[in-house]
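Enquirer:
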Amino acid sequence: MWSFTRRAAQSVPLLGWLRPNRAVNPRVAVWGRQTGGVGVEESGPGPGPRPGRSKVPQSPSWQPVEVGELPEVSMEMIDHLERLALVDFRNQEGVERLADAIQFANQLHVVDTEGVEPMDSVLEDRSLYLRADKVTEGYCTEVILSNAKHVIEEYLVAPPGNIPLPKKEERDSFLQHSN
Numbered sequence: 001m002w003s004f005t006r007r008a009a010q011s012v013p014l015l016g017w018l019r020p021n022r023a024v025n026p027r028v029a030v031w032g033r034q035t036g037g038v039g040v041e042e043s044g045p046g047p048g049p050r051p052g053r054s055k056v057p058q059s060p061s062w063q064p065v066e067v068g069e070l071p072e073v074s075m076e077m078i079d080h081l082e083r084l085a086l087v088d089f090r091n092q093e094g095v096e097r098l099a100d101a102i103q104f105a106n107q108l109h110v111v112d113t114e115g116v117e118p119m120d121s122v123l124e125d126r127s128l129y130l131r132a133d134k135v136t137e138g139y140c141t142e143v144i145l146s147n148a149k150h151v152i153e154e155y156l157v158a159p160p161g162n163i164p165l166p167k168k169e170e171r172d173s174f175l176q177h178s179n
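If you read the sequence shown in the UniProt record's numbering, its first letter stands for residue 1, the second for the next number, and so on.
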C-alpha cells in the first residue's frame, strides 16, 4: 500500500503542488495547487484555484421558474396520487400542501437535460466489491420466527397487500350513504 506523506510531497519536485492548503481552516487539509515553487507557474495573485479551471460553475446554471410555466395540478392527478399513496386528503389544507409539493417537484421538468447521460450509479466510477454470502453467525431461526405473529412451516406470514382507496365517485357515494 502506498504511503504518501507531507515530507514526500515536499521532496518530490514534480509533486510539489500536492501540499496541503491550510489557509481556509488550519484543522482541515485541502489538497490543492500552491502558487510558485519548482515547475509551477504563477497564475495570479495569491493562492487558490486558477480562474477558468474550476469544474464548479461560477454562476447558477438554473433559472428561477415562474409558477405559470408549470403544469396545473388537476383533481384527477390529486385523486390518482391519493390512490397510489393510500392517503386521503380530507381537507383543503391537505390538498393545498399536495399541490405545493407537486408545483415544487414540477420545476424539474423545466431543467435542460439535453446531452446529459443518465447515471447508472452515484459511484459509477468506482468498483463495488461484494463480500461472499456466508453465514458468519446466527443459526437462530427459532428466535427470529418467535418474533412473528403468524408462522406457517417456518415461513413468516405477511399481512395482506395494500388495498387501494375507492375512486372519487365511489367515495362520494359512500360518504352520502353514511350520513
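Cβ coordinates follow ideal geometry from the N, Cα and C atoms, glycine included. Note that the coordinates shown come from a computational prediction; the quantities given were computed from them, not determined experimentally.
(1) The alpha helix (DSSP H) with Glu-76 in it runs from where to where?
(2) Note the first and the last residue of the continuous alpha helix (DSSP H) segment covering Asp-100.
(3) Would DSSP call Leu-145 helix, strand or coil?
(4) Pull up the distance between the alpha-carbon of His-80 and that of Ser-127, whole angstroms please.
(5) Name the residue from Ser-59, Ser-54, Leu-84, Gln-107 whose alpha carbon lies nearest to the alpha carbon of Glu-72.
(6) When you compare the CB positions of Arg-83 and Pro-164, do they come within less than 7 Å of one another, or not?
Expert: Answer, in terms of the structure:
(1) By 1-based counting over the sequence shown, the position of residue 76 is 76. Note, Glu-76: alpha helix (DSSP H), 75 to 85.
(2) The count along the sequence shown starts at 1 and reaches residue 100 at position 100. First-last of the alpha helix (DSSP H) with Asp-100: 92 to 106.
(3) Here residue 145 refers to the residue found at position 145 when the sequence shown is read from its first residue. In the three-state scheme derived from DSSP, where H, G and I count as helix and E and B as strand, Leu-145 is classed as helix.
(4) The residue you call residue 80 lines up with position 80 of the sequence shown. The residue you call residue 127 lines up with position 127 of the sequence shown. So the two alpha carbons sit approximately 40 Å from each other.
(5) Numbered from 1 along the sequence shown, position 72 holds the residue referred to as residue 72. Closest in alpha carbon position to Glu-72, among Ser-59, Ser-54, Leu-84, Gln-107, is Gln-107.
(6) Residue mapping note: residue 83 aligns to position 83 of the sequence shown, counting from 1. Residue mapping note: residue 164 aligns to position 164 of the sequence shown, counting from 1. Yes.
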